[in-house]
Amino acid sequence: MNKIIFWFEQNAFGVCESLGKYLGISSGKIRKYFIYLSFFTFGSPVIIYFILYFFKENKKWLLPPKKLRRSILEIELD
Numbered sequence: 000m001n002k003i004i005f006w007f008e009q010n011a012f013g014v015c016e017s018l019g020k021y022l023g024i025s026s027g028k029i030r031k032y033f034i035y036l037s038f039f040t041f042g043s044p045v046i047i048y049f050i051l052y053f054f055k056e057n058k059k060w061l062l063p064p065k066k067l068r069r070s071i072l073e074i075e076l077d
């Protein structure tokens with residue numbers, strides 16, 4: 000049972016944790032509001048959760064690559 004809980008906390012709540020870091024809110028509050036919202040809207044936020052999870056996991060393929068900055072020493076040596 001502990002393995003299931005550990006896996007669920009590590010994988011299933013990654014969206015809430017990422018969203019909390021981005022918004023500056025604790026992930027516990029986001030989880031609580033997500034559960035309340037799911038009860039009031041009959042589970043429709045679950046679809047939004049899966050969409051956010053998809054984008055979180057595939058972010059490196061969906062966003063353009065970052066340009067590498069050159070250091071000052073490399074610029075002066077050219």
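Under numbering that gives the first Met the number 0, the sequence shown has 51 at position 52, and the numbering climbs by one with no breaks. Idealized CB from N, CA, C, for every residue including glycine.
Run of the alpha helix (DSSP H) containing residue i, from where it starts to where it stops
| i | result |
| --- | --- |
| asparagine 57 | Taken as a continuous stretch (DSSP letters only), asparagine 57 belongs to no alpha helix (DSSP H), as it is neither H nor E. |
| lysine 2 | 1 to 6 |
Simplified DSSP state of residue i, which is helix, strand or coil
| i | result |
| --- | --- |
| isoleucine 24 | coil |
Residue i versus residue j: straight-line alpha-carbon distance, rounded
| i | j | result |
| --- | --- | --- |
| leucine 18 | valine 45 | 15 Å |
| glycine 35 | lysine 28 | One detail in the question is off: residue 35 reads as tyrosine in this sequence, not glycine. The alpha-carbon atoms of tyrosine 35 and lysine 28 are separated by roughly 11 Å. |
| leucine 67 | lysine 59 | 15 Å |
| tyrosine 32 | lysine 2 | 25 Å |
| serine 26 | glutamate 16 | 5 Å |
Whether residue i touches residue j by CB criterion (8 Å)
| i | j | result |
| --- | --- | --- |
| lysine 55 | glycine 23 | no |
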